[in-house]
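Working notes, structure below.
Listed below in structure tokens is the structure:
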């Protein structure tokens, strides 16, 4: 199908690539990825087992990063290509409810910044690709209409004229339809429209390396988001008003669990396992279960929650196991003091 859309021989279309976590595990390996092209993704902070990911990035033969800020991932790159941010480019945006919106340039980009379509078109040209890759957003959207026809996310009935008129357009939107403002309202997404129920047997948590510190307590770590920050924080950590509200990572812990370890509000704690260690302040909250601690994943370096998460994935979706990690928690006297990080990272 895609060969027909692009007008190229079918044998030139590659097969499926590696899932993201599996790809990151292969970085720098003899039979793995040796060169990586990253588009505006801060994988050094946002990926599970972040220490291993950073080591993988540093072992590559060549790393290219397209971004509009110097993220922690861009800092590792051999080549950084400055790209347009959302307010500086034309095109469309599909939000999480499936609504397709027309996006118009609001700001002129700085000199030297290019659209990612421009970069991909130049790369295709340099690699002597068998078809012409356009850098015009409307032309690329027309390609998307053709490529998605008949699929789950069908854009074939949407065009720029409709979007320019401000009409609401929700995929799937096959030709001749009025779109789908709300998916699965009347039926489930299975043949016959009925739900398919599956019994789930919870599995036991994998046990981390042995904790020999009697002052530390083994707990379950979950990671997640703060209202003030977005994804890896590469953008929101640069907004002074947001950073003033949430300037650092804090480990949320139940007061009863904190009391059992001598942890007080605002005190420094070490959260560690066999993959790494985070040192941050404690925040006491009755909103969390006593056997669980929470860390936001928006912060880098010594506060990076993904130093602790495991690169295990769901076998169907490929989603990393961000909510299911064992850690041991203990109080530390003052920041890095008495932490395992004191000698390994402060030196």
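In our numbering, the protein residues as written are 836 to 1182. Where a beta carbon is used, it is the ideal one built from N, C-alpha and C, also for glycine.
Residue 975, enclosing beta strand (DSSP E) - first and last residue: Per DSSP, residue 975 belongs to no beta strand (DSSP E); it is in the alpha helix (DSSP H), 972 to 983.
Candidates 897, 925, 935 and 942, of which the one nearest residue 953 by Cα: 925
Are residue 1140 and residue 1117 close, meaning C-beta to C-beta below 8 Å? no
So, residue 1158 versus residue 1057, is the Cβ gap smaller than 8 Å? yes
Buried or exposed: which applies to residue 898, given that a residue is buried once 16 or more other Cβ atoms fall within 10 Å of its Cβ? buried
Does the beta-carbon distance from residue 1119 to residue 1082 come in below 8 Å? no
Are the CB atoms of residue 1107 and residue 1163 within a distance shorter than 8 Å? yes
Assign residue 800 to one of three DSSP states: helix, strand, or coil. No answer is possible for residue 800: it lies beyond the span of the chain, which begins at 836 and ends at 1182.
Nonlocal neighbours in the same chain, by C-beta distance under 6 Å from residue 1067, ignoring five residues either side: 877, 880 and 881
Should the segment 920 to 939 be regarded as contacting the segment 1004 to 1013, the criterion being three or more beta carbon pairs within less than 8 Å? yes
Are there 16 or more other CB atoms within 10 angstroms of the CB of residue 1110, so buried, or fewer, so exposed? buried
Answer yes if the segment 1073 to 1082 comes into contact with the segment 882 to 890, meaning at least three C-beta pairs across the two stretches below 8 Å, and no otherwise. no
Among 1070, 1065, 1045 and 1133, which residue has its Cα nearest to the Cα of residue 1086? 1133
When you compare the CB positions of residue 1035 and residue 1105, do they come within less than 8 Å of one another, or not? no
Inter-residue spacing [alpha-carbon to alpha-carbon] between residue 895 and residue 991: 40 Å
For the alpha helix (DSSP H) containing residue 841, name the first residue and the last one. 837 to 841
Taking the continuous alpha helix (DSSP H) assigned at residue 868, which residues delimit it? Note, residue 868: premise wrong, no alpha helix (DSSP H); not H, not E.
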